[in-house]
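Numbering (our numbering), first residue to last: 117 to 179.
Structure representation (C-alpha coordinates):
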(Lines of atoms letter the chains of each structure in order from A; the text may use other names.)
(Lines give C-alpha, C1' and ligand atoms only; values in the text may rest on other atoms or scores of the structure.)
Protein backbone atom coordinates (compact mmCIF):
# COMPACT_ATOMS: atom_id res chain seq x y z
CA UNK A 117 0.00 0.00 0.00
CA UNK A 118 1.31 3.41 -0.92
CA UNK A 119 1.29 5.61 2.21
CA UNK A 120 1.15 8.73 0.03
CA UNK A 121 -2.37 7.76 -1.02
CA UNK A 122 -3.73 7.82 2.50
CA UNK A 123 -5.73 10.84 3.57
CA UNK A 124 -4.50 11.76 7.05
CA UNK A 125 -7.81 13.37 7.98
CA UNK A 126 -9.73 10.20 7.15
CA UNK A 127 -7.88 8.39 9.94
CA UNK A 128 -8.60 10.85 12.72
CA UNK A 129 -11.03 9.56 15.36
CA UNK A 130 -14.58 10.87 15.05
CA UNK A 131 -15.90 12.94 17.93
CA UNK A 132 -19.36 12.11 19.21
CA UNK A 133 -22.13 14.15 20.76
CA UNK A 134 -23.95 12.37 23.56
CA UNK A 135 -27.41 13.20 24.89
CA UNK A 136 -28.76 11.35 27.93
CA UNK A 137 -32.49 11.26 28.69
CA UNK A 138 -33.96 9.89 31.93
CA UNK A 139 -37.41 8.49 32.71
CA UNK A 140 -37.97 7.12 29.20
CA UNK A 141 -40.45 4.25 28.96
CA UNK A 142 -39.75 1.25 26.75
CA UNK A 143 -42.62 2.30 24.49
CA UNK A 144 -41.22 5.81 24.10
CA UNK A 145 -37.77 4.38 23.38
CA UNK A 146 -39.20 2.13 20.64
CA UNK A 147 -41.03 5.13 19.13
CA UNK A 148 -37.80 7.20 19.09
CA UNK A 149 -35.92 4.24 17.63
CA UNK A 150 -38.50 3.91 14.85
CA UNK A 151 -38.21 7.62 14.01
CA UNK A 152 -34.42 7.36 13.74
CA UNK A 153 -34.19 4.03 11.89
CA UNK A 154 -33.21 5.70 8.59
CA UNK A 155 -30.38 7.64 10.23
CA UNK A 156 -27.48 5.19 10.39
CA UNK A 157 -25.17 7.70 12.09
CA UNK A 158 -27.23 7.85 15.29
CA UNK A 159 -26.66 5.18 17.94
CA UNK A 160 -29.10 4.49 20.75
CA UNK A 161 -28.48 2.81 24.08
CA UNK A 162 -31.32 2.06 26.51
CA UNK A 163 -31.25 0.58 30.00
CA UNK A 164 -33.78 0.90 32.83
CA UNK A 165 -35.38 4.13 31.63
CA UNK A 166 -32.14 5.83 30.60
CA UNK A 167 -31.70 6.57 26.89
CA UNK A 168 -28.36 7.65 25.44
CA UNK A 169 -28.33 9.09 21.94
CA UNK A 170 -24.91 9.26 20.28
CA UNK A 171 -24.19 11.04 17.03
CA UNK A 172 -20.85 11.76 15.34
CA UNK A 173 -19.87 15.39 14.96
CA UNK A 174 -17.21 16.94 12.81
CA UNK A 175 -16.40 18.98 9.76
CA UNK A 176 -18.92 18.16 7.04
CA UNK A 177 -17.51 20.56 4.44
CA UNK A 178 -16.98 19.11 0.98
CA UNK A 179 -13.80 20.96 -0.05
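Using N, Cα and C, we set each Cβ at its ideal position, and we do this for glycine too.
**Study point:** One or two residues paired with residue 168 in a DSSP bridge
**Key:** 136, 161
Practice item. Output yes or no for whether 8 Å exceeds the beta carbon distance between residue 132 and residue 171. Key: yes
**Study point:** Endpoints, alpha helix (DSSP H) assigned at residue 149
**Key:** 142 to 151
Review point. Comparing alpha-carbon positions, which option in 147, 141, 135 lies nearest residue 165?
Key: 141
**Study point:** Own chain, CB closer than 6 Å to residue 162, minus 5 neighbours either side, in chain order
**Key:** 145
Check your understanding: What residues in its chain sit with their C-beta under 7 Å from that of residue 149, if we drop five residues either side in the sequence?
Key -> 160
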